[in-house]
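I have placed the structure first, in the form of structure tokens, so that the comments after it can refer back to it.
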Amino acid sequence: MNLSDLSHPAEALILARVAPAIVERAKQVRIMAFDVDGVLTDGRLWYGEQGEVLKTFHVLDGHGLRLLDESGIAVALITGRESTILARRAAELGIALVQQGVRDKAAALTALAQEQGCSLAETGYMGDDIIDLAALQRVGFAASVPDAPAYVSQAAHWISSRPGGTGAVRECCDLLLAAQRRLGAFLTPQGALKRGTIQ
Numbered sequence: 001m002n003l004s005d006l007s008h009p010a011e012a013l014i015l016a017r018v019a020p021a022i023v024e025r026a027k028q029v030r031i032m033a034f035d036v037d038g039v040l041t042d043g044r045l046w047y048g049e050q051g052e053v054l055k056t057f058h059v060l061d062g063h064g065l066r067l068l069d070e071s072g073i074a075v076a077l078i079t080g081r082e083s084t085i086l087a088r089r090a091a092e093l094g095i096a097l098v099q100q101g102v103r104d105k106a107a108a109l110t111a112l113a114q115e116q117g118c119s120l121a122e123t124g125y126m127g128d129d130i131i132d133l134a135a136l137q138r139v140g141f142a143a144s145v146p147d148a149p150a151y152v153s154q155a156a157h158w159i160s161s162r163p164g165g166t167g168a169v170r171e172c173c174d175l176l177l178a179a180q181r182r183l184g185a186f187l188t189p190q191g192a193l194k195r196g197t198i199q
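Under UniProt numbering, the letters of the sequence shown match residues 1 to 199, in that order.
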């Protein structure tokens, strides 16, 4: 790929730091699924006095997920835990493909890809722990975070520079959009998000 052919300089800036083989994988992604704890959050669980579990989400990640969705790349969240907080956050972002309490993420991802009319080569997944390993090994584009165990991150094609919950998902979204020459469309006054401003 010739970086000078990209539609916006920001795309060249992002892709200049990524190996061409990874860019080629990212170009194929039609559906991108993410683990939640440790990827979309920092992995910590905060317990309140009544036993409720609290989580924090980064607005950069939320914006990135919205950009993927509006560019035509389907977004899914697949997590081993059950959380009403996640359901609320997904609803805010307009993410309908949410699976909670999943133990076999590889099987869930395979079924999801089939439902969306995609092959696993056109599917991406970002995870950080043992439960994510089989899914990472099956998809065309596998992503992880720098604080994942080495035996998990070694299965990833690409690793974010930011830890989970601090913009790692946004980095992944920007990479996918840049690889598919879709990021530049959002970097103009006319390219604002269509569905409001919730991040």
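C-beta atoms are modelled at their ideal positions from N, C-alpha and C, and glycine is treated no differently.
Between residue i and the rest of its own chain, which residues show a CB-CB distance below 8 Å, the 5 nearest in sequence each way excluded?
i    : result
A106 : A134, A135, Q137, R138
Which residues bound the beta strand (DSSP E) around residue i?
i    : result
A144 : Looking at the sequence itself, residue 144 is Ser, so the reference to Ala does not match. That run of the beta strand (DSSP E) goes 141-144.
V98  : 97-99
I14  : From DSSP, I14 is part of no beta strand (DSSP E) but of the alpha helix (DSSP H) over 9-15.
Name the two residues that bound the continuous alpha helix (DSSP H) containing residue i.
i    : result
V75  : Looking at the DSSP string, V75 is not in any alpha helix (DSSP H); the run it does join, the beta strand (DSSP E), is 74-78.
I85  : 84-93
G62  : 59-71
T110 : 105-115
A26  : 20-27
Measure the alpha-carbon distance for residue i versus residue j and round it to whole angstroms.
i    : j    : result
I131 : T79  : 9 Å
L183 : L68  : 9 Å
A143 : A108 : 17 Å
A150 : I85  : 29 Å
D37  : G43  : 5 Å
C118 : L45  : 34 Å
A148 : K55  : 19 Å
M1   : A121 : The predicted model places M1 with a pLDDT of 45, which falls under 50 and marks its position as unreliable, so this point remains unresolved.
R89  : Y47  : 18 Å
V23  : Q100 : 30 Å
By Cβ distance, which residues of its chain are closer than 7 Å to residue i, with the 5 residues on each side in sequence left out?
i   : result
H58 : G165, T166, G167
Name the residue from the options whose alpha carbon lies nearest to the alpha carbon of residue i.
i    : options             : result
L176 : A12, V29, P20       : V29
L60  : A74, L97, I73, P163 : P163
Roughly how far, in whole angstroms, is the beta-carbon of residue i from the beta-carbon of residue j, given that I think they are within contact range, below 8 Å?
i    : j    : result
G140 : G127 : Wrong, their Cβ atoms sit about 15 Å apart, outside the cutoff.
Leaving out the 5 sequence neighbours to the left and right, which residues in its chain are closer than 6 Å to residue i when beta-carbon positions are compared?
i    : result
A178 : E11, I14, L15
H8   : G184, L187
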